[in-house]
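Residue numbers (the UniProt record's numbering): 1 to 383.
For each residue, glycine too, the CB sits at the ideal point set by N, CA and C.
Note that the structure is a prediction, hence the values are computed from the model and not measured.
The structure appears below as C-alpha cells.
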C-alpha cells in the first residue's frame, strides 16, 4: 500500500491530500473478481497476485478496524437485477451489502449519509453520483483522529522568503528535548528534513520539507522510502552545527545555567480537501483495461458483463494546535458495459521551520502504514 502512496504522490503537482489506504482494498477486491488484462493490471497496481488480493484486503480491513484512532468501513450496493457470485460476495465483511433502487435521489441520499457517518462528518457526500448506468457501487471510508500529548502554541507566522513570503499565517510552535524527532535523509532527488509529530494513540504525522527544487512526489516518495528503511534518517542530535537540512539549523547558544539540548519547531496549521477522479490516470490504479465497456472484465464478481464506469475519492486533512484529523471516501461504480545576563554555559538548539510548501504522511506507528498523505500549499490564514 505504501508503494501505491509513493506512486500516487509522484503524480501530484500542487496542494492535495489523498489516501492510498482507501483505494487499495477496493482494487484488491476487484482484482480477485477480474479476468484477462484487467486482472493483470489490477494485480500490478495492488502489488500482489490476484488470487491473494482478496484475502489481503480482508486482513487489511480487519487490521485497520483494530487501530486506535482509526475508523474504516467497506460498503457494497447493487441493483436487485444484478446477480453476484456468491463466493465473491461472502468474502466481504458482514453487513456490507445494500440495494440500489430506481429512486436515484433517495439512493444518493443514502450513500451520502453512509459517507458522512463513516467519516464522522468529514466527508459529507459520496464522491460519485448515481445515474441510470450505475448497477453497483463498491466504496471504502476512512476517518482518523489523533491528539498531541503536548499541544502546539498558536502564533502569527509571516515568512520573509519563499512562496508564502509576507503572508499572515496561522503558525504553530512547540519546543522539546527529543532531538530524534527531527532528522535529515538523503534521497535520490535531494535532501529532505523529516519531523515526527507523535499522536497519543499510535498515529503520527511526519512533516517533510525538501529542497526548494524538489517536486512534491520526490519529497513524499523519500518519506515513504524512509518508512521502508530504504534510506536512513540521521537524527538532528547526530548532525553538526549549521544549516544541516532544508529548514533545519543546529547551533550552540549561551545560557545562564546548564540546559538540555532543545528542539524548537515552527510550522503552520492547515485544513485542506481534494477530490480525485481515479480514471484520469487509470494506469496508476490498474484500471485501463477495466474501463473498456465493450467487454466484461469481472466474471468472478457477476455473470453479467461489467466494466468500470466511475472511480473517485474525496479526502480531507486538518492539522492544528491540538491534533490531526483526516478522512477519505473512495468509490468505484461498475457500469454495464533587558540587562544582559552572565551567560557562562552553552546548550544545543535545533530549529526546524516549515514555512514553505511541504508534505505530510499520517502513519500508523507500529506497522509504518501510510493512512493519508498530502502536500500543503495553502496553510490557514492567521485570525
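- Using a Cβ distance threshold of 9 Å, residue 263 and residue 317 do not count as a contacting pair.
- Secondary-structure assignment with DSSP links residue 276 through a beta bridge to 313.
- Taking the C-beta atoms as reference points, residue 231 is found nearer than 9 Å to residue 185.
- A residue is called buried when at least 16 other Cβ atoms come within 10 angstroms of its Cβ; residue 140 meets this threshold and is buried.
- Residue 318 has 271, 325 as its beta-bridge partners, per DSSP.
- C-alpha of residue 172 to C-alpha of residue 321: approximately 6 Å in a straight line.
- The beta carbon of residue 6 sits closer than 6 Å to the beta carbons of 221, 224 from its chain, once the five residues preceding and following it are set aside; these are given in chain order.
- When rounded, the separation of the alpha-carbon atoms in residue 51 and residue 100 is 29 Å.
- Residue 68 counts as exposed, since fewer than 16 other beta carbons sit within 10 angstroms of its beta carbon.
- Its chain contains 193, 352 as the residues whose beta carbon lies nearer than 6 Å to that of residue 248, once the 5 sequence neighbours on both sides are disregarded; these appear in chain order.
- For residue 5, the enclosing alpha helix (DSSP H) starts and ends at 2-9.
- Spanning the alpha carbons of residue 203 and residue 21 requires a straight line of approximately 14 Å.
- In this structure residue 156 is in contact with residue 382, their Cβ atoms being roughly 5 Å apart against a cut-off of 8 Å.
- Put simply, the backbone Cα of residue 33 is about 12 Å away from that of residue 304.
- Residue 169 has its alpha-carbon roughly 21 Å from the corresponding atom of residue 211.
- Between the segment 288-301 and the segment 107-117, the count of C-beta pairs closer than 8 Å stays below three; the two stretches do not touch.
- In its chain, beyond the 5 residues on either side, 2, 5, 361, 363 have a beta carbon closer than 6 Å to the beta carbon of residue 370.
- The beta carbon of residue 9 sits closer than 7 Å to the beta carbons of 216, 217, 220, 221, 373 from its chain, once the five residues preceding and following it are set aside; these are given in chain order.
- In this structure, residue 368 and residue 227 form a Cβ contact; the two beta carbons are roughly 5 Å apart against a cut-off of 8 Å.
- Cβ atoms of residue 25 and residue 61 come within 8 Å of each other, at about 6 Å.
- Shown here, residue 378 sits in coil according to DSSP, grouped into three states, outside any helix or strand.
- In this chain, the beta strand (DSSP E) harbouring residue 136 covers 136-147.
- A Cβ-Cβ distance of about 17 Å is found for the pair residue 328 and residue 29, leaving them out of contact under the 8 Å criterion.
- Counting of Cβ neighbours within 10 angstroms places residue 66 among the exposed residues, the total staying below 16.
- Annotation: the continuous alpha helix (DSSP H) that includes residue 24 extends over 20-33.
- The residues 18, 312, 313, in chain order, have a CB closer than 7 Å to that of residue 276 in the same chain once the five nearest residues on each side in sequence are set aside.
- It is roughly 13 Å from the alpha-carbon of residue 154 to the alpha-carbon of residue 175.
- One alpha carbon belongs to residue 293, the other to residue 59, and they sit about 31 Å apart.
- In the structure shown, residue 130 falls within a coil segment according to DSSP collapsed to helix, strand and coil.
- At a cut-off of 4 residues, the continuous stretches assigned as alpha helix (DSSP H) that sit fully inside the segment 181-267 are 216-227.
- Comparing C-alpha distances from residue 93 to each of 379, 53, 235, 75 shows the shortest one belongs to 75.
- Between residue 181 and residue 195, the beta carbon gap of about 6 Å places them in contact (Cβ cut-off 8 Å).
- Within its own chain, the residues whose Cβ lies closer than 7 Å to the Cβ of residue 57, once the five positions on either side in sequence are excluded, are 25, 28, 29, listed in chain order.
- DSSP, reduced to helix, strand and coil, places residue 176 within a strand of the structure shown.
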